[in-house]
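Using the working numbering, the first residue of the sequence shown is number 41, and each one after it goes up by one.
Idealized CB from N, CA, C, for every residue including glycine.
Take a look at the structure below.
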Amino acid sequence: MRALLSGCMALALLTGCGAHNSASPVTAPGAPVSAKTAALEAGAATLQARPPIAAINTYLDGFHYYCGNRRGQMEAHHYVTILNEDVMQAVIFDGNQRDAKLMGVEYIISERLFKQLPAQEKQYWHSHRYEVKSGTLIAPGIPDAAEHALMSKIVNTYGKTWHTWHTDRDKTLPLGEPALMMGFTADGQLDSALLRDRDRRFDMNTAEVREARRDIPTHPVAAGADTCRAPHKM
């Protein structure tokens with residue numbers, strides 16, 4: 041899978057990654073970046089290595105909702121690192137431009153590892169089956185064949201997601217408690233306006249993506265997933 045995503049990343053670099061079309065909904069308070077700070081940033085970018093950042097090798101765009109409150113929905117831009125064949129990790133932003141705010145993190149594990157989790161732990165995890173098969177989870181900027189192969193790898197995985205900055209609620213700073221997030225599991229749950237806006241920005245049609253993924257094989261969602269054990273009330 042690592043080789044697959046590395047190949048996809050190389051192709052994405054050639055096609056522009058489909059990024060730079062989704063602005064953050066909030067502006068953080070603070071003074072503009074000074075010339076001194078900009079110089080320090082440029083120097084650090086030139087001199088310092090960033091292995092964990094360099095390991096991020098694919099971009100996924102999808103949607104989340106607050107555990108316990110399905111009306112609280114937002115688009116989530118995932119930048120993913122492949123740790124091994126069974127574990128991935130993603131940093132999640134509220135946009136794909138330079139000033140995007142870091143909303144949270146998602147840990148993604150294989151079906152095999154998910155089935156080994158204790159029953160109580162499983163309640164924090166959501167399945168990716170519907171997200172993939174519905175076309176609502178996409179990998180912008182890579183060729184259709186590469187995206188199809190990538191989604192075939194993701195479709196039977198499980199994610200545990202925490203958001204720490206709630207810019208969807210107009211929070212200009214990361215205030216309040218972290219929130220456990222869930223993924224959608226059936227038609228009619230996702231706000232159609234969010235989906236239409238995403239399709240417009242990425243110049244795509246989710247219905248066509250869904251049709252193209254009909255042949256992706258899936259497993260039944262494992263027991264214990266998608267039950268949404270909310271640790272906090274949001």
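| D227 versus E146 - alpha carbon distance | 23 Å
| query | V120: buried (16+ other C-beta within 10 angstroms of its C-beta) or exposed? | reply | buried
| query | Taking buried to mean at least 16 other C-beta atoms within 10 Å of its own C-beta, is H206 buried or exposed? | reply | buried
| message | Please tell me whether D101 and P180 are closer than 8 Å, where the distance is taken between their beta carbons. | response | yes
| field | Residue(s) in a DSSP beta bridge with N109 | value | Y106
| request: Mind checking which residues open and close the alpha helix (DSSP H) that includes M222? | output: From DSSP, M222 is part of no alpha helix (DSSP H) but of the beta strand (DSSP E) over 219-222.
| message | If I measure Cβ to Cβ from A176 and keep anything under 7 Å in the same chain, skipping five residues before and after, which residues do I get? | response | It should be pointed out that residue 176 corresponds to Thr in this sequence rather than to Ala. G102, F103, F224, L230, L235, T246.
| query | What is the DSSP secondary structure of D237, reduced to helix, strand or coil? | reply | helix
| message | For R253 and K173, which I take to be in contact (beta-carbon distance under 8 Å), what is that distance rounded to the nearest angstrom? | response | 6 Å
| field | At least 3 beta-carbon pairs within less than 8 Å: the segment 74-90 vs the segment 133-142 | value | no
| Neighbourhood of L53 by C-beta distance below 8 Å, restricted to the same chain and skipping five residues each side | Since pLDDT at L53 reaches only 39, below the 50 mark, its modelled position is unreliable, and the value read off the structure follows with that caveat. Excluding positions up to five away in sequence, the list is empty.
| request: Just tell me which of D210, M222, M128 has its CA closest to the CA of V66. | output: D210
| Spatial distance of G199 from A263 (CA atoms) | 14 Å
| My guess is that N196 and T258 are in contact by the Cβ rule of under 8 Å, so how many angstroms apart are they, rounded? | 6 Å
| Reduced DSSP secondary structure (H/G/I, E/B, other) of K200 | strand
| request: Express the C-alpha separation of M222 and Q163 in angstroms, rounding to a whole number. | output: 10 Å
| request: Let me know if L220 comes out buried or exposed under the rule of 16 or more other beta-carbons within 10 Å of its beta-carbon. | output: buried
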